[in-house]
Amino acid sequence: MIVIPAIDLRGGRCVRLVQGDFSRETVYSDDPLRVARLWAECGARWLHVVDLDGARVGQPLQVGLVEQVVRAVPELLVQAGGGVRSLEAIERLLMTGVARVVIGTAAIEQPEFVAEAVRVFGADRIVVSVDSRDGWVATHGWETLQPVRAVDLVGRLVQFGVRRILATDVARDGTLTHPNLELMAQLANLGVAVIASGGVSSRADLEALAQVRGVEAVVVGRALYEGRLRCERPEDWIVAGGAV
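In short: position in the sequence shown from 1, add 3, done, that's the working numbering.
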């Protein structure tokens, strides 16, 4: 299982939110490029970049900054998202050099768009973000709960050709309260590769996630930024589990 450091962008700064709440923001750096270089120097293989401003308004607003990040760390593979709701937005991000684009709210509001994105760009370039609270899908920067269960959404996504999802338990994101192993297992059992997110606080949490069949990676933010989880060598970013 691969550990992926997160860089959440808001107003050009590297921040973290608690449970997706924009009023509960912690600023970790005014220089996202420096942060990206730090993770590269520590041996990370992937980087997860989110345009929080774009996620809130429904269109990417920091594509230029995403491109700067990609150029700053050519040795890293980058997946990026936030407000991606059109083929044009996907193309703009791919042109920056990112390896994968993350689609969120559009998966609920425009399911046909997801199918088209997979057809046009290929399943390996598309990740669908399935964000949920108590099992219900959350959209629009996690500010709106939808009358759709996460498991039902993923079942439909599989039919559209989606192979990989980013699964976030919103209630645990940024809280350091341990990942939702049951949710990750339920979603992985539907036939998709899962990138887990939310709640990681320690190496033990990583080891537990690595035992969940189908979880291929985990996105980590606060635990890394606050030093609760130390990944300082290339081998630290890989967790043995044999469950994928």
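Backbone N, C-alpha and C fix where the C-beta goes; we use that ideal spot for every residue, glycine too.
(request) Can you tell me which of the three DSSP states L80 falls into? (result) Here residue 80 refers to the residue found at position 77 of the sequence shown. Strand, per DSSP.
(request) Verify whether the separation of the beta carbon atoms of M187 and V165 is less than 8 Å. (result) Taking the sequence shown and counting its residues from 1, the one referred to as residue 187 is at position 184. Taking the sequence shown and counting its residues from 1, the one referred to as residue 165 is at position 162. It is not a contact, given that the beta carbons lie outside the stated cut-off.
(message) Can you give me the C-alpha to C-alpha distance between V221 and P237, rounded to a whole angstrom?
(response) The residue given as residue 221 occupies position 218 in the sequence shown. The residue given as residue 237 occupies position 234 in the sequence shown. Cα-Cα distance, rounded: 15 Å.
(message) Three or more C-beta pairs under 8 Å: does that hold for the stretch 53-62 against the stretch 29-36?
(response) no
(message) To the nearest angstrom, how far is the alpha carbon of V197 from that of A213?
(response) For the purposes of this step, residue 197 is identified with residue 194 of the sequence shown, where counting begins at 1. For the purposes of this step, residue 213 is identified with residue 210 of the sequence shown, where counting begins at 1. Each residue's Cα considered, the two are about 11 Å apart.
(request) Give the DSSP bridge partners of H51, in chain order. (result) Position 48 of the sequence shown, counted from the first residue, corresponds to residue 51. DSSP, once it has assigned bridges, lists A9, Q82 as partnering H51.
(request) Give the range of the beta strand (DSSP E) segment to which I106 is assigned. (result) Along the sequence shown, read from residue 1 onward, the residue named residue 106 stands at position 103. Per DSSP, I106 belongs to the beta strand (DSSP E) from 103-106.
(message) Assuming the contact rule is C-beta atoms closer than 8 Å, I5 and W49 should be a hit. Round their C-beta distance to whole Å, please.
(response) The residue you call residue 5 lines up with position 2 of the sequence shown. The residue you call residue 49 lines up with position 46 of the sequence shown. At roughly 6 Å, the Cβ-Cβ gap stays under 8 Å, so I5 and W49 are in contact.
(request) Buried or exposed for T147, please, with buried defined as at least 16 other CB atoms from any protein chain shown within 10 angstroms of its CB. (result) Along the sequence shown, read from residue 1 onward, the residue named residue 147 stands at position 144. Per the 10 Å Cβ criterion, exposed.
(request) Check whether the stretch 62-75 touches the stretch 118-126, counting contact only when three or more Cβ pairs, one atom from each stretch, lie closer than 8 Å. (result) no
(message) Please classify P8 as buried or exposed, where buried requires at least 16 other C-beta atoms within 10 Å of its C-beta.
(response) The residue you call residue 8 lines up with position 5 of the sequence shown. Per the 10 Å Cβ criterion, buried.
(request) Return the CA-CA distance between R16 and M98, expressed in angstroms with no decimal places. (result) Position 13 of the sequence shown holds residue 16. Position 95 of the sequence shown holds residue 98. Straight-line Cα distance between these residues: approximately 22 Å.
(message) G107 and D134 - do their beta-carbons sit closer together than 8 Å?
(response) The residue you call residue 134 lines up with position 131 of the sequence shown. The residue you call residue 107 lines up with position 104 of the sequence shown. Contact flag set, yes.
(request) Tell me whether Q149 sits in a helix, a strand or coil according to DSSP, three-state version. (result) By one-based count along the sequence shown, residue 149 stands at place 146. Strand, per DSSP.
(message) Which runs of the beta strand (DSSP E) at least 3 residues long sit entirely within the stretch 95-139? Give them in chain order.
(response) 103-106, 129-136
(message) Among the candidates L96, D239, L156, whose CA atom is the shortest distance from the CA of A109?
(response) Against the sequence shown, residue 109 aligns to sequence position 106. The residue with the shortest Cα to Cα distance from A109 is L156.
(message) Please report the distance separating the alpha-carbon of I129 from that of V105.
(response) One-based indexing of the sequence shown puts residue 129 at position 126. One-based indexing of the sequence shown puts residue 105 at position 102. Distance between the alpha carbons of I129 and V105: 6 Å.
(request) Whole angstroms is fine: what's the gap from V140's alpha carbon to R40's? (result) Here residue 140 is taken as the residue at index 137 of the sequence shown, counted from 1. Here residue 40 is taken as the residue at index 37 of the sequence shown, counted from 1. When rounded, the distance between both Cα atoms is 33 Å.
(request) Count the other C-beta atoms from every protein chain shown that fall within 10 angstroms of the C-beta of Y228, then say buried if there are 16 or more, exposed otherwise. (result) Translated into the one-based positions of the sequence shown, residue 228 becomes position 225. That one is buried.
(request) Report yes if the CB atom of L184 is closer than 8 Å to the CB atom of A226, and no otherwise. (result) Along the sequence shown, one-based indexing puts residue 184 at 181. Along the sequence shown, one-based indexing puts residue 226 at 223. No, they are not a contact pair.
(request) May I ask you to check if the CB of T171 is nearer than 7 Å to at least one heavy atom of the ligand SAH? (result) Among the components of this structure there are no ligands whatsoever, and the ligand SAH is therefore not found.
(message) Bridge partners for A191 per DSSP, in chain order?
(response) The count along the sequence shown starts at 1 and reaches residue 191 at position 188. Paired residue(s): none; A191 is not in a bridge.
(message) Going by DSSP in three states, G27 sits in which element: helix, strand or coil?
(response) Taking the sequence shown and counting its residues from 1, the one referred to as residue 27 is at position 24. Residue identity check: residue 27 is Arg in the sequence provided, not Gly. In this structure, R27 counts as strand in the three-state DSSP scheme.
(message) What does the alpha-carbon distance come out to for the pair P150 and G138?
(response) Taking the sequence shown and counting its residues from 1, one reaches residue 150 at position 147. Taking the sequence shown and counting its residues from 1, one reaches residue 138 at position 135. Cα to Cα, P150 sits roughly 10 Å from G138.
(request) May I have the straight-line CA-CA distance separating Q113 from A92, to the nearest angstrom? (result) What you label residue 113 is simply residue 110 of the sequence shown in a count that begins at 1. What you label residue 92 is simply residue 89 of the sequence shown in a count that begins at 1. Those two C-alpha atoms are separated by around 14 Å.
(message) Given a cut-off of 8 Å on the beta-carbon distance, is the pair A102 and V81 in contact?
(response) What you label residue 102 is simply residue 99 of the sequence shown in a count that begins at 1. What you label residue 81 is simply residue 78 of the sequence shown in a count that begins at 1. Yes, the Cβ-Cβ distance between A102 and V81 is below 8 Å.
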